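Peer 1: One structure, pasted below without further comment.
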Amino acid sequence: TVHPGMTFLQAIDPAIVPAAWLGVCLFLLRWLDQIHEQVRAVEMSSRAEASQQAVTFSKLVLREVWLTELMGMVGPMLTRIADPDADFTELDRRMFLAVEGGLRDSIRAANLTSRELSYAIGEARIRGVSVTLVDNRGAVLPEALRRSVIGLMQQIVSEAQAGRIVARVAPEGYDDAVTILRVDENGGS
């Protein structure tokens, strides 16, 4: 209420003070919202960075495991090859080619690799059988099909004494997922 003798400021003071406090509260709320958004952006960035670091670390660990396995597989062979006084027999050369072929297979034909099949293929290559594995599929074969193909390949490779064997995993969408061709030393299939 306005009383005689009140100044203008005294008369409007009850209306201004709550509005001023309301303005201060709104300013603080907007400021807190901005801080909240900044904190949320930093958290999201931190999570993304942590995820990327985890992926990178995982890849490095897998790389180290792969390199350790690789060195276990080819280290002795490389040491022998590096020896300037070493004499190599035809069997040595075949063994070296079998190890090199096994490395190539593990890189190029992931759907056609298993420890047992790799061993059987290595033995066949040492016997003089040419084995070529090609994997044109972008995804992993269904496990039942993969096991069946690997079992069949082990049988074919173990029985072969000469000639050539080619196994190809077709890209997704083909009617035949895997094609295996065996040509004996006389050119027959």
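My numbering puts the first residue of the sequence shown at 10, with every later residue one more than the last. Glycine residues also receive a C-beta, built at the ideal position from the N, C-alpha and C atoms. These numbers come from a predicted model, not from an experiment.
Starting from the C-beta of residue 185, find all residues in its chain whose C-beta is less than 8 Å away, skip the five residues before and the five after it, and write them out in chain order.
Peer 2: Contacts found: 179.
Peer 1: From residue 167 to residue 100, what distance separates their C-alpha atoms?
Peer 2: Rounded to whole angstroms, residue 167 to residue 100 spans 18 Å at the Cα level.
Peer 1: Would you tell me roughly how many angstroms separate the C-alpha atoms of residue 96 and residue 71, rounded to the nearest one?
Peer 2: So the two alpha carbons sit approximately 36 Å from each other.
Peer 1: Mind listing, in chain order, the continuous alpha helix (DSSP H) runs of no fewer than 4 residues lying wholly within the region 80 to 151?
Peer 2: You should have 99 to 117, 124 to 136.
Peer 1: Excluding the five sequence neighbours on either side, which residues of its own chain have a C-beta within less than 7 Å of the C-beta of residue 22, listed in chain order?
Peer 2: Nothing meets the Cβ criterion.
Peer 1: What are the partner residues of residue 177, as DSSP defines its beta bridges?
Peer 2: Bridge partners of residue 177: 143, 188.
Peer 1: Between the C-alpha atoms of residue 123 and residue 162, what's the straight-line distance to the nearest angstrom?
Peer 2: Taking the straight line from one Cα to the other gives about 11 Å.
Peer 1: Within its chain, find whatever has a CB closer than 8 Å to the CB of residue 135; leave out the 5 residues flanking it on each side and keep chain order.
Peer 2: Cβ within range, chain order: 100, 103, 104, 107.
Peer 1: Buried or exposed for residue 156, please, with buried defined as at least 16 other CB atoms from any protein chain shown within 10 angstroms of its CB.
Peer 2: Flag for residue 156 reads exposed.
Peer 1: Helix, strand or coil for residue 193 per DSSP?
Peer 2: Reduced to three states, the DSSP call for residue 193 is coil.
Peer 1: Measuring straight from C-alpha to C-alpha, what distance separates residue 152 and residue 176?
Peer 2: Those two C-alpha atoms are separated by around 17 Å.
Peer 1: To the nearest angstrom, how far is the alpha carbon of residue 190 from that of residue 183?
Peer 2: C-alpha separation (whole angstroms): 17 Å.
Peer 1: Which word fits residue 111, buried or exposed, when buried means at least 16 other C-beta atoms lie within 10 angstroms of its C-beta?
Peer 2: Under this definition residue 111 is a buried residue.
Peer 1: Expressed to the nearest angstrom, what Euclidean distance is found between the alpha-carbon atoms of residue 194 and residue 171?
Peer 2: Straight-line Cα distance between these residues: approximately 6 Å.
Peer 1: Roughly how far, in whole angstroms, is the beta-carbon of residue 173 from the beta-carbon of residue 192, given that I think they are within contact range, below 8 Å?
Peer 2: Right, the Cβ-Cβ distance comes to about 5 Å (below 8 Å), so this counts as a contact.
Peer 1: Assuming residue 117 contacts residue 143 (C-beta within less than 8 Å), just tell me the rounded distance between them.
Peer 2: Correct: roughly 7 Å between the Cβ atoms.
Peer 1: Does DSSP classify residue 13 as helix, strand or coil?
Peer 2: Coil.
Peer 1: Give me, in chain order, the residues of the same chain whose beta-carbon lies closer than 8 Å to that of residue 154; leave out the 5 immediate sequence neighbours on both sides.
Peer 2: These residues qualify, in order along the chain: 186, 187.
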